[in-house]
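Going from the sequence shown to the working numbering is simple: count from 1 and add 164.
Virtual Cβ for every residue (Gly too), placed ideally from N, Cα, C.
Since this is a predicted model, take the numbers as computed values, not measurements.
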Amino acid sequence: MQNYLFVHFRETTSPEGEQVYFALSRDGFAWEALNDGQPILWAYYGDKGVRDMTVIRDRDTGRFHIFATDLSLAYGMRNQYAKSWENISLHGSKD
165 MQNYLFVHFR ETTSPEGEQV YFALSRDGFA WEALNDGQPI LWAYYGDKGV RDMTVIRDRD
225 TGRFHIFATD LSLAYGMRNQ YAKSWENISL HGSKD
């Protein structure tokens, strides 16, 4: 049997919405939220919010790793990157 895992954030401007959520599907159409719809992982460092998750499988170990953008609009980071890409290199996450 094959299942699909959907790793996502919720588009809200609250800290809870910018965390890692999981949903599971058997067919890729009907999804069931895991952990009672609560975040699976919570970002406590950096900007304290994550977006745009990517799941990578290590071909040597078979383990899965989740990568995400360190960004929080809920904590007032909206203007931090507003000007240009140069701003990102100057003010990006330090953790």
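Leaving out five residues before and five after residue 167 in sequence, what residues of the same chain have Cβ atoms less than 8 Å from its Cβ? Cβ contact annotation for residue 167 (same chain, cutoff 8 Å, sequence separation greater than five): 188, 189 and 190, in chain order.
Where residue 174 and residue 224 are concerned, what is the direct C-alpha to C-alpha distance, given to the nearest angstrom? So the alpha carbons of these two residues sit roughly 32 Å apart.
With DSSP run on the structure shown, which of helix, strand or coil describes residue 175? Taken through DSSP and simplified to helix, strand or coil, residue 175 comes out as coil.
Report the rounded CA-to-CA distance for residue 165 versus residue 200, giving the unit in angstroms. Their backbone Cα atoms lie some 23 Å apart in a straight line.
Considering only the beta carbon of each residue, do residue 185 and residue 194 sit closer than 8 Å? Against a cut-off of 8 Å, the Cβ pair of residue 194 and residue 185 comes out as no contact.
Please classify residue 236: is it buried, with 16 or more other beta-carbons within 10 angstroms of its beta-carbon, or exposed? Looking at its Cβ environment, which holds 16 or more other Cβ atoms inside 10 Å, residue 236 is buried.
Across which residues does DSSP place residue 170 in a beta bridge pair? As computed with DSSP, residue 170 is found in a beta bridge with 187.
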